[in-house]
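To keep things clear, I will list the structure first and then write my remarks on it.
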DNA sequence: CCCACTATTGACACCGGTATCATTAAGGGT
DNA sequence: ACCCTTAATGATACCGGTGTCAATAGTGGG
């Protein structure tokens, strides 16, 4: 198939240099400029841009050379218009924790870096009346290439249905599998809170309390199940009376934390379903003149920065948020490819980080 | 100028309803659909979309009615292509504090909500070799409508120059004015740290220490000047030996905090140039078995969440980050308008929030 | 009643890409 | 030498909007 082509004799480098000299910095080169410089039609240049097969090797190399020399970059807007799809990835979230969002966002950007995709952030209120309409409008109008969903919007079946209907690729990040494998990143919260339970059991604790998160979040239930499972493996259990309802905010941790001291029997260890609430519990103990872990051990979940800012520093379950974001971004890009057997992992494993907020129970 | 037009007799409502019935949910209506339904050219519809004058009132109302009924929304991509400008606003930042970024982002989204603009986030490393090239590429390729710059990238003159060269609207958020009025949001850090100094002076403190931020940030110097000015107004001063160099991270606060106890004379009050470092100082004191504010008072700057998570809670200077973001987004949109005398404020004023980390000096 | 003038509108090209389908040329088989 | 197949490429329409400029139709003045 070695077909000697006259094309290879053309000096693309000089051609490009000449162009640069003439048009230096005047305007961005377009596909037409590249095409006429290369002496081909714009369609052929388009084929090269899109790595389409059936372009002669010499032609392809020459065009690539010119593209490089004149610094041509296809206009995403024009491409998107013809493609009927933009090169934007949306992050739709309703999680109120800033730390979570920044980590997630950063991870997604890691995964998107150098691919030509840009990230558009879109917070929303899942309870709002216009939630679904707004989301649909956003996705449809921007013709998003793909969407990444974090809890708890990731748990919304109606939204997923809309995305499917619009033919928009999406990745749902959630504590358990809710969709087909390629569309999920599973964070396995149950494993994480089981580790928390094991840690406390191994320290010798026997009386536990739990501060739960917002009921509408899947993680709230997963974390509780995991914790209870973990205790059960040590023959221990969590008294229903010792489960206090929080809502993942610091303030709720503060309030429930104060109530902990009134429980009978007094728990020696508390598992708060996230760090914010755990920080609230610790502050409540401080305010009451008590110290963790002397009076009771406290474990959180997330391992966000707050865990190391407070004193005692928080023993907590680390979930690799940034890695999750990166994974999500990478997997999103595999949707275009037919051969997605090469897909990376779609699970992450949380693990316990021991700090000073846990210790042996008081005698 | 009341010119009775036959147009007003046309029943646009039924026309639109008929269309809906026929095409229900099949595809998004385009400008061509609207034009043919209204019996006008697409150019006239375009005029209506863009609030262009010289469209007959009846025609305009009829077209608007149809647009509403069929749920037409102009495609931002197509519009952008013709307009040679997208409807995307970029947020370029290198500030490593997640809390700052989320607040800022949220504020910008507040200001952008309902305007049809979307936010594209773009972190970067100002020290990186490719910083300027990357930024230019991003702005040029996406044909950004406007850009919002936060410290310290907002302080980069080269970047501002590129933006001007590309004809891209931008707003710089910084502690002092660095550009024309319409392009700045000034946060007046000097005022904030002056308030911190006054607070400590009024409590009776006389020996101070300062943990400074990263030298490359303008705020680092502004906050120090403000603090010193504030002290001077009370006839007090900050010994150069008591200025410790930090870098705005918690870890640096932790390290410098430990060194505070070795200073001679021992300071009775410390001003850390941000909350993260202040939290580090407080933790260092805790670790050393000392308590704030008994041994020394600590003041921070920013009033991020960490300030209330730690114990004692941090007295700090509140800067309205979210409002700043909103302001920036709003002002950015005034760039298109010729009459920008209506521009909102371009300054914000920080203020002190007293909590438990400050008190009277020890005897 | 004619004319310059203004308000309103549309035809057509264009923004910078991609899709479809036709066309051309080279290679293989007989 | 002839026909068929495949590789390579281009002509043209099209994506959904906007800009330019010409065309049309009332309006007020002389």
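Protein chains in written order, with our numbering: chain A, 1 to 363; chain B, 1001 to 1363.
Glycine residues also receive a C-beta, built at the ideal position from the N, C-alpha and C atoms.
Just so you know, these numbers come straight off a predicted model, no measurement behind them.
Taking the straight line between their C-alpha atoms, what separation do you get for residue 1140 (chain B) and residue 292 (chain A)? Roughly 54 angstroms separates the two Cα atoms.
Does residue 184 (chain A) come out as helix, strand or coil in the three-state DSSP assignment? Three-state DSSP puts residue 184 (chain A) in a strand.
Would you say residue 1315 (chain B) and residue 1357 (chain B) are within 8 angstroms of each other, going by their C-beta atoms? Yes, the Cβ-Cβ distance between residue 1315 (chain B) and residue 1357 (chain B) is below 8 angstroms.
Against chain A, does residue 1073 (chain B) count as a neighbour if the rule is that its beta carbon must be under 8 angstroms from one of theirs? Chain A, which has a Cβ nearer than 8 angstroms to the Cβ of residue 1073 (chain B), makes this yes.
N- and C-terminal bounds of the beta strand (DSSP E) containing residue 1118 (chain B): Unbroken beta strand (DSSP E) run through residue 1118 (chain B): 1118–1123.
Closest Cα partner of residue 362 (chain A) within the set A:274, A:278, A:280 and A:268: Closest option to residue 362 (chain A), Cα to Cα, is A:268.
Report the rounded CA-to-CA distance for residue 200 (chain A) versus residue 243 (chain A), giving the unit in angstroms. Whole-angstrom Cα-Cα distance: 16 angstroms.
Span separating the alpha-carbon of residue 1213 (chain B) from that of residue 1079 (chain B): Spanning the two alpha carbons is a distance of roughly 44 angstroms.
Would you give the residue range spanned by the beta strand (DSSP E) that residue 72 (chain A) belongs to? No beta strand (DSSP E) contains residue 72 (chain A), which DSSP labels as neither H nor E.
Under 8 angstroms by beta carbon: chain B residues contacting residue 81 (chain A): Near residue 81 (chain A) (Cβ distances below 8 angstroms), the residues of chain B are 1075, 1077, 1078 and 1081.
Element boundaries [beta strand (DSSP E), containing residue 142 (chain A)]: For residue 142 (chain A), there is no enclosing beta strand (DSSP E); the residue is part of the alpha helix (DSSP H) that begins and ends at 131–142.
Partner residues on chain A for residue 1374 (chain B), Cβ-Cβ distance less than 8 angstroms: As shown, chain B starts at 1001 and ends at 1363. That puts residue 1374 (chain B) outside it, with no answer to give.
Only counting the same chain, and skipping five residues up and downstream in sequence, which positions put a Cβ closer than 7 angstroms to that of residue 284 (chain A)? Excluding positions up to five away in sequence, the list reads 254, 257 and 258.
Residue from A:38, A:85 and A:109 with nearest C-alpha to residue 326 (chain A): Scanning A:38, A:85 and A:109 for the CA closest to the CA of residue 326 (chain A) turns up A:109.
Residue 172 (chain A): first and last residue of the uninterrupted beta strand (DSSP E) it sits in: For residue 172 (chain A), the enclosing beta strand (DSSP E) covers residues 169–174.
Mind listing the chain B neighbours of residue 86 (chain A)? Cutoff is C-beta to C-beta under 7 angstroms, in chain order. Residues of chain B passing the Cβ test: 1077.
Bridge partners of residue 1318 (chain B), per DSSP? Residue 1318 (chain B) pairs with B:1302 and B:1351.
Assuming residue 1271 (chain B) is part of the beta strand (DSSP E), what are its boundary residues? For residue 1271 (chain B), the uninterrupted beta strand (DSSP E) segment begins and ends at 1269–1272.
Does residue 1250 (chain B) come within less than 8 angstroms of chain A when only Cβ atoms are used? Chain A, which has a Cβ nearer than 8 angstroms to the Cβ of residue 1250 (chain B), makes this yes.
Residues of chain B with CB closer than 7 angstroms to the CB of residue 120 (chain A), please, in chain order. Chain B residues near residue 120 (chain A): 1118, 1119 and 1120.
According to DSSP, residues forming a beta bridge with residue 209 (chain A): In DSSP, residue 209 (chain A) forms a bridge with A:270.
Between the region 1100–1107 of chain B and the region 95–113 of chain A, do three or more beta carbon pairs fall short of 8 angstroms? Yes, since at least three Cβ pairs between the region 1100–1107 of chain B and the region 95–113 of chain A fall closer than 8 angstroms, the two stretches touch.
Within 10 angstroms of the Cβ of residue 1165 (chain B), are there 16 or more other Cβ atoms? Answer buried if so, exposed if not. Its Cβ having fewer than 16 others within 10 Å, residue 1165 (chain B) is exposed.
Okay, do the region 137–157 of chain A and the region 170–180 of chain A touch, 3+ Cβ pairs below 8 angstroms being the bar? When C-beta atoms of the region 137–157 of chain A are compared with those of the region 170–180 of chain A, three or more pairs fall below 8 angstroms, so the two segments count as touching.
Report yes if the C-beta distance between residue 1031 (chain B) and residue 1076 (chain B) is below 8 angstroms; otherwise report no. A distance of 8 angstroms or more separates the beta carbons of residue 1031 (chain B) and residue 1076 (chain B).
Looking at the structure shown, is residue 1238 (chain B) part of a helix, part of a strand, or coil, going by DSSP? Annotated three-state conformation of residue 1238 (chain B) is coil, per DSSP.
Would you give the residue range spanned by the beta strand (DSSP E) that residue 148 (chain A) belongs to? Following the DSSP letters along the chain, one finds residue 148 (chain A) inside the beta strand (DSSP E) bounded by residues 146–149.
Ordered along the chain, which non-local residues of its own chain (more than five positions away) have a Cβ less than 7 angstroms from that of residue 313 (chain A)? So the qualifying residues of the chain are 307, 355, 356 and 357.
Have a look at residue 1330 (chain B) and residue 1115 (chain B) and give me their C-alpha separation to the nearest angstrom. Their Cα atoms are separated by approximately 10 angstroms.
Sequence-distant residues of the same chain with beta carbon closer than 8 angstroms to residue 275 (chain A), five excluded per side: Annotation for residue 275 (chain A): 300, 301, 302, 303, 304, 306, 307, 314 and 316 place their beta carbon closer than 8 angstroms to its own, counting only its chain and skipping 5 residues before and after.
So which residues on chain B does residue 101 (chain A) lean against when the C-beta distance must stay under 7 angstroms? Against chain B, a Cβ distance below 7 angstroms from residue 101 (chain A) picks out 1102.
Would DSSP call residue 1192 (chain B) helix, strand or coil? Residue 1192 (chain B): helix per DSSP, three-state reduction.
Compare the beta carbon distance of residue 1117 (chain B) and residue 1089 (chain B) with 8 angstroms and say whether it is the shorter of the two. Contact flag set, yes.
According to a CB-to-CB cut-off of less than 9 angstroms, which residues of the region 1108–1142 of chain B neighbour chain A? Answer set for the region 1108–1142 of chain B: 1109, 1116, 1118, 1119, 1120, 1121, 1122, 1123, 1137, 1138, 1140, 1141 and 1142.
So, is residue 1319 (chain B) buried or exposed, given that buried needs 16 or more other C-beta atoms within 10 angstroms? Buried: at least 16 other Cβ atoms inside 10 Å.
The region 203–210 of chain A touching the region 184–191 of chain A, judged by at least three CB pairs closer than 8 angstroms: In short, these stretches do not touch, since the Cβ pair count stays below three.
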